[in-house]
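Structure first, commentary second.
Numbering (the UniProt record's numbering), first residue to last: 1 to 427.
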């Protein structure tokens, strides 16, 4: 049974027993599944354009731990500017000066350094981004404790019917699935299952109460199939990550942060002493609540080329549409871009000023969804393809395959940083 207390109060919903919640929700124009980055950004973008929505979140509170931090590069800041939250977020993280990578796989030390003076790049705490988006939403915009079980079209009205694991259900007019890489909405639309890279990611935050000595940079070291890196968030906080070969284990084992920490340190023990010492310190002093280990999922680029991302008044966005590895630091930004583009298209089709109390018109919704997919498909295909090749390059032990993947990157992406120049346009 759901608690009748929400972070945002909604007298209409709270006054009804759970069995009657479908009647209340039927007056909402748009139901968004998932209060992650894309779900909240989509709700905020629609709100800015005068389109009412409600976000149904499975957790009992905001989810802001997994991943610990998120990179926002120039294209992401353009999208956040459109949402009207960029200035608040800029105060939460320093601007990075450079990317620095070192590859010691072959015993030497091939170093690459790229100045970031021409583009704004910051790593934000995921919590800061989630909290900022949430704070801009109107009261009652997010409902917690609603875990989606299934979705189907009502055979009489053709409206989507959402059923939750406790047996409650709601009839919606429009559904936007922002429910991540294991999306139930994506399954409903017939999208092929996501795949898993041969790597897992361990990530965390380390706090230095008296300050740290690290420069304002993204620094990464690669050796064989292991990559470790750190990014300065501010003068007291450092985000770090390790990409490691996938290790099959009982999933419950990974729920213990101490097990995750010790295994990560063990796998990094054969790195050069100076590098090992630095990352060892970060991991040893990490905030245990920030530690996470994830199997990195992706939707195959060829599936993005051919997939149907909408059906009637149901669609997917963000990771539910195009989950990708973290190798370009573009997954979150791509979801925010989705939000801006979708809200703009829906507003252009007058879905914010439809008669009868802002009731949506199904054919206009379908048209807006089709336009959205048309505008976004090739953008996310290119991001996904580049991320896929980098992920496979990082995960394969085969020298021949590494050479092939490197050649593909050179041919297909002669400017490997061109993706940050993308502009999603005005809201």
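Where is the CB? At the ideal position from N, CA and C, for every residue including glycine.
Asked	Found
Whole-Å CB distance - residue 315 paired with residue 369, under 8 Å assumed	5 Å
Integer Cβ distance of residue 124 from residue 111, believed to fall under 8 Å	About 27 Å; that fails the 8 Å criterion.
Cβ distance (whole Å) where residue 365 is taken to contact residue 174 below 8 Å	5 Å
Inter-residue Cα distance where the pair is residue 343 and residue 213	43 Å
Cβ-based neighbour list, residue 178, same chain, cut-off 7 Å, excluding 5 preceding and 5 following	32, 33, 34, 36, 38, 39, 42, 317, 318 and 320
Sequence-distant residues of the same chain with beta carbon closer than 6 Å to residue 337, five excluded per side	79 and 424
Candidates 58, 122, 282 and 418, of which the one nearest residue 73 by Cα	122
Residue 304 versus 395, 119, 222 and 377, residue with shortest Cα-Cα distance	377
Cβ contact (3+ pairs, closer than 8 Å) linking the stretch 287–299 and the stretch 202–212	yes
Contact with chain C by residue 414, beta-carbon distance below 8 Å	Given the protein chain composition of this structure (a single chain), no chain C is represented.
Option in 97, 133, 104 and 134 with minimal Cα separation from residue 118	97
Alpha-carbon spacing of residue 428 relative to residue 216, whole angstroms	Residue coverage of the chain in this structure runs from 1 to 427, which leaves residue 428 outside it and unanswerable.
Cβ pair count under 8 Å reaching 3, the stretch 42–57 against the stretch 189–198	no
As assigned by DSSP and simplified to three states, the class of residue 164	strand
Beta-carbon proximity of residue 143 to residue 221, cut-off 8 Å	no
Where the alpha helix (DSSP H) containing residue 257 begins and where it ends	257–267
Residue 242, enclosing beta strand (DSSP E) - first and last residue	237–245
Test item: CB-CB of residue 327 and residue 390 under 8 Å	yes
Identified DSSP bridge partners for residue 69	125
Separation of residue 339 from residue 77, as counted between CA atoms	13 Å
Alpha helix (DSSP H) runs wholly inside the stretch 289–313, at least 4 long, in chain order	301–306
Span separating the alpha-carbon of residue 244 from that of residue 159	44 Å
Beta-carbon proximity list for residue 257, same chain, < 6 Å, skipping 5 on both sides	288 and 291
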